[in-house]
Amino acid sequence: MVSGPEHPVTVPLLERETELAAAAQAVDALCADAPAGGVLVCSGEAGLGKTALLSEIRRLAAGRCAVWSARGGETVTCVPFHVVRQLLQPALAPAGAVDARELLGDGYEIIGPALGVAPPGGQADPQGVRDGLDALLLRLADTHRPLVLIVDDAHWSDLETLGWLASFVQREDLPVLVVMAYRTEEPTGDTAEFIRAMEAAAGRCVSLRALTPDAVARLARAALGEHADDPFCREVWAVTGGNLYETVELVAKVRDERLDPVEGSAGALRALGASARGSGLIARLEELGTATTRFAWAAAILGTEISLDLAAALAGLPGDQAADCAERLRAARILAGTDPMEFVHPLIAGAVYRAIPAATRTAMHGLAAWAVTRAGRGPAAAARHLLEVHPDDDPELVAQLREAASEHLAVGAPDAARRCLERAVQEPPLPEVHAEVLYELGCSTLLTSPATTVGHLRAALGMPGLDAGRRVDAVFRLSQALTHNNQTREAAEVVAAEVARTAPGPTRMRLQAVHFLWEGVQSAEDDGPGRSRRLAEMAEGLRGRDNSERVLLILRAFDGTARGENAEEVVEICDRALLDGGLAPGLGWTNTAWGFEPPALLGLTYAFADRLDRAECLFDEALRAFEISGWSGGHLAFAHALVGYLQRRRGRLDRAEMYLRESLRLAERVGNGLPMHWDAACMLIDTLLARAGSTRPRRRPTATRSRRRTRRRSSFPTPSAYGEGCCSPRGVPRKPWRNSKRPARR
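In our numbering, the protein residues as written are 5 to 750.
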């Protein structure tokens, strides 16, 4: 329905029988005795009636299903999780702080910030947030079944929501019906890729076409009366091309102008039709007056959920005058609603936004950022406007963008954080903070683009401004990024160069530990024995007084494992790396100062020395730590592989298979071809072969066979960096145990 000043124009849904039949089948399947969810994708050019079709689907499902809907917006595509917050609003809106925590359960701290119901915390893992949203929607689908989710204008959805939906709909047991509509001419890049993934998962895809002359004639007569003659109706179709939006607008204007719908009036239709789009629409807007035009500009800048107060502040109008302007725009079928308001159609919003002079539009975005911040909506809400402001050496803008980037990282949106920090670099920052901004930019891209991280961190280290602690951290993260990018040798060289320029002390010791770490996980070394001697000399006498000493002890123990040293002596070194029998603060599995490699190497060293109970405690702790922190990508896959490997060592083949299958599943989500994927697959194959032979009678092995078996190398996980999108070239200990008082079993 399109509302005019006094008379509503009812729009019958014509020539959409195929689309409605597909929707009816999908709703019936969802409401059947054995309910089956699914995906229905509707596409078409702008104005063909996708929103009208979705409204009819909503009506079709009403009374039988819970229907939740959301809509993307052209000016808010960069706002993370904007659409998912709309989509889940019915479940979240009535919840207070206590209720929200109860609703989200263990996922409160992981997905609560993304949904806007919990304060931002530390950096969230994007895959963990997606998994948390999966778990939440599964619970909601069970509570509100049958549940239909409708996303309109998906081509303008934020990438975080689209990425989650594209992953969620791949489930074989999809418990909801997801209906999505998008413009065929709009999607590009990642948006197009996610939409294609949803279409591939969809059981039904429908494409809308322009209305035929007969359908346009029926629309015209339904609104203007049966006396509308054929030549007039034919001209309506010729002017609009069968576009539903333009047809409805043209018919409404005919009514407003009180034109007689006969052949004699057909000549006036082209002029009236032009006023519904492009320059004609803008001319019609300008006729409403300067203040009303400025208010419409302000509404277009704000985009969606337009607050009357914010629009008034942005337009520089007092409250009563702003309310009058809003009423004029509603009467002209440009805006709808009261507070908040929306544009009647995205085509109108886009035309008004593009009609704002470029310099004025930029200035208004700056004012909008100020107004949004003043309204208490926070830096992240203001960031989308700050991104549109021209660089102008503004330290305050840099600070706001850095704070917004921090909030984006806390909700699991590193790409949004990257955009903010890239814009902050363009400002540019003051010399004393420039290196800090580059460091933060490098950290924001570590999981998504290690090669990009390398460039930013090298630039940060090449300029003044980083204090000693931050500089060491930047070197460590640069070496991590190089390792993730299959440049382990370069990682070791970068750290070695920093060691050479650092004075003796705790900082130098930390760098030396990192250097030994990356040297030890290279696939080939120039002087492995020399490195082992240097490491042994440095670790001699260390008691584990701080984390640098503890890491050096862990590396020394693992190196002793690789060289076949006495197992009991190696265990004694491992024990010195612990604090009260456990990992010291700052050396946990999710700690970013050292990474998860040191505890992984420690656990594996215990395992190779047959201290399986200690290894099991460490690996179980890894599972808990990653799950609690929401790290459900490569890190969690690695943890499952470690536990599976240990279960296999204990002879619990059924449990080993369970953990390894889960490791393989998680690794496949991160990407095929990663070392974690290979390790999980190989260990699972070995375990399945062992299970197949476990029921066969076995001949008692001779002593010779037994000794050979202790030296046989078996597949086990690699203690290297397995973040999202990362890989490692390194295997595990290069040599079996030998010359040991107590040889370790393989």
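Cβ atoms here follow ideal geometry from the backbone N, Cα and C, with glycine treated the same way.
As the structure is a prediction and not an experimental result, all values here were calculated from the model.
Rounded C-alpha distance that separates residue i from residue j
{"i": "residue 487", "j": "residue 449", "result": "14 Å"}
{"i": "residue 227", "j": "residue 178", "result": "42 Å"}
{"i": "residue 597", "j": "residue 322", "result": "52 Å"}
{"i": "residue 81", "j": "residue 537", "result": "56 Å"}
{"i": "residue 726", "j": "residue 634", "result": "Low confidence applies here, because residue 726 scores a pLDDT of 40, under 50, leaving its location unreliable; read the following figure in that light. Those two C-alpha atoms are separated by around 15 Å."}
{"i": "residue 606", "j": "residue 594", "result": "15 Å"}
{"i": "residue 443", "j": "residue 461", "result": "6 Å"}
{"i": "residue 278", "j": "residue 285", "result": "7 Å"}
{"i": "residue 551", "j": "residue 533", "result": "25 Å"}
{"i": "residue 529", "j": "residue 496", "result": "11 Å"}
{"i": "residue 702", "j": "residue 176", "result": "Residue placement at residue 702 is poorly supported in this model, since its pLDDT is 49, which falls under 50; the coordinates still yield a value, given next. Rounded to whole angstroms, residue 702 to residue 176 spans 41 Å at the Cα level."}
{"i": "residue 392", "j": "residue 418", "result": "19 Å"}
{"i": "residue 569", "j": "residue 688", "result": "29 Å"}
{"i": "residue 349", "j": "residue 78", "result": "12 Å"}
{"i": "residue 423", "j": "residue 628", "result": "32 Å"}
{"i": "residue 409", "j": "residue 660", "result": "41 Å"}
Delimiting residues of the alpha helix (DSSP H) encompassing residue i
{"i": "residue 168", "result": "163 to 172"}
{"i": "residue 230", "result": "Per DSSP, residue 230 belongs to no alpha helix (DSSP H) and is neither H nor E."}
{"i": "residue 558", "result": "551 to 566"}
{"i": "residue 513", "result": "510 to 524"}
{"i": "residue 466", "result": "Segment: none, residue 466 is in no alpha helix (DSSP H) and carries neither H nor E."}
{"i": "residue 324", "result": "323 to 335"}
{"i": "residue 114", "result": "112 to 119"}
{"i": "residue 763", "result": "The structure shown does not extend to residue 763, since the chain spans only 5 to 750, so no value can be given for it."}
{"i": "residue 653", "result": "638 to 653"}
{"i": "residue 3", "result": "With the chain represented from 5 up to 750, any question about residue 3 goes unanswered, as that position is not in the structure."}
{"i": "residue 492", "result": "492 to 504"}
{"i": "residue 751", "result": "Since the first and last residues shown for the chain are 5 and 750, residue 751 lies out of range."}
{"i": "residue 609", "result": "601 to 612"}
Three-way DSSP call (helix, strand, coil) for residue i in this model
{"i": "residue 546", "result": "coil"}
{"i": "residue 705", "result": "At residue 705, the pLDDT of 43 sits below 50, so the modelled position is not reliable; the number obtained from the coordinates is stated separately. Coil."}
{"i": "residue 628", "result": "helix"}
{"i": "residue 340", "result": "strand"}
{"i": "residue 727", "result": "Bear in mind that a pLDDT of 38 at residue 727, under 50, signals an unreliable position, so the model cannot answer this."}
{"i": "residue 185", "result": "strand"}
{"i": "residue 310", "result": "strand"}
{"i": "residue 583", "result": "strand"}
{"i": "residue 596", "result": "coil"}
{"i": "residue 360", "result": "coil"}
{"i": "residue 244", "result": "helix"}
{"i": "residue 265", "result": "coil"}
{"i": "residue 180", "result": "coil"}
{"i": "residue 194", "result": "helix"}
{"i": "residue 298", "result": "helix"}
Residue i: first and last residue of the uninterrupted beta strand (DSSP E) it sits in
{"i": "residue 209", "result": "208 to 211"}
{"i": "residue 248", "result": "That residue, residue 248, is in no beta strand (DSSP E); its alpha helix (DSSP H) goes 248 to 261."}
{"i": "residue 346", "result": "345 to 347"}
{"i": "residue 153", "result": "151 to 156"}
Contact test: residue i Cβ vs the ligand NAP heavy atom, cutoff 7 Å
{"i": "residue 429", "result": "Annotation note on the ligand NAP: not contained in the displayed structure, which lists no ligands."}
Any chain C beta carbon closer than 8 Å to residue i
{"i": "residue 241", "result": "No chain C is part of this structure, which consists of one protein chain only."}
Complete runs of the beta strand (DSSP E) confined to the stretch 372 to 453 [at least 3 residues]:
Segments of the beta strand (DSSP E) lying fully in the stretch 372 to 453: there are none.
Flag this pair as touching only if the stretch 363 to 375 and the stretch 288 to 307 have three or more C-beta atom pairs under 8 Å; answer yes or no.
Output reads yes: the stretch 288 to 307 touches the stretch 363 to 375.
At which residue ranges does the stretch 16 to 76 contain complete beta strand (DSSP E) runs of 3 or more residues, listed in the order of the chain?
Here the runs fully enclosed are 42 to 48, 70 to 75.
contact_flag[the stretch 114 to 125, the stretch 191 to 198] where n(CB pairs < 8 Å) is 3 or more:
Result no; under three Cβ-Cβ pairs closer than 8 Å.
Mind the definition here: the stretch 606 to 617 touches the stretch 543 to 563 only if three or more C-beta pairs lie below 8 Å; say whether that holds.
Output reads yes: the stretch 543 to 563 touches the stretch 606 to 617.
Do the stretch 676 to 695 and the stretch 639 to 655 touch if we need at least three Cβ pairs shorter than 8 Å?
Here the stretch 676 to 695 makes contact with the stretch 639 to 655; the two share three or more CB pairs at distances below 8 Å.
My parser needs the alpha helix (DSSP H) runs of 4 or more residues fully inside the stretch 78 to 106; what are they?
The qualifying runs are 86 to 91, 93 to 96.
With three or more beta-carbon pairs closer than 8 Å as the criterion, would you say the stretch 151 to 163 touches the stretch 69 to 76?
In this structure the stretch 151 to 163 touches the stretch 69 to 76; the number of beta carbon pairs closer than 8 Å is three or more.
Is it a yes or a no for the stretch 35 to 43 touching the stretch 233 to 240, going by three-plus beta-carbon pairs under 8 Å?
No, the stretch 35 to 43 is not in contact with the stretch 233 to 240.
Does the structure place the stretch 199 to 218 close enough to the stretch 237 to 249 that three or more beta carbon pairs sit under 8 Å?
Result yes; three or more Cβ-Cβ pairs closer than 8 Å.
Inter-stretch contact at 8 Å, needing at least 3 Cβ pairs: the stretch 133 to 146 / the stretch 49 to 61
They do not touch, by the three-pair rule.
Taking 8 Å as the cut-off, does the stretch 39 to 53 touch the stretch 324 to 344 (at least 3 CB pairs, one atom from each stretch)?
The answer is no - the stretch 39 to 53 does not touch the stretch 324 to 344, with fewer than three Cβ pairs under 8 Å.
Can at least three beta-carbon pairs, one atom from the stretch 259 to 275 and one from the stretch 288 to 299, be found at a separation below 8 Å?
The answer is no - the stretch 288 to 299 does not touch the stretch 259 to 275, with fewer than three Cβ pairs under 8 Å.
Okay, do the stretch 612 to 631 and the stretch 570 to 579 touch, 3+ Cβ pairs below 8 Å being the bar?
The count of Cβ pairs closer than 8 Å, one atom from the stretch 612 to 631 and one from the stretch 570 to 579, reaches three, so the stretches are in contact.
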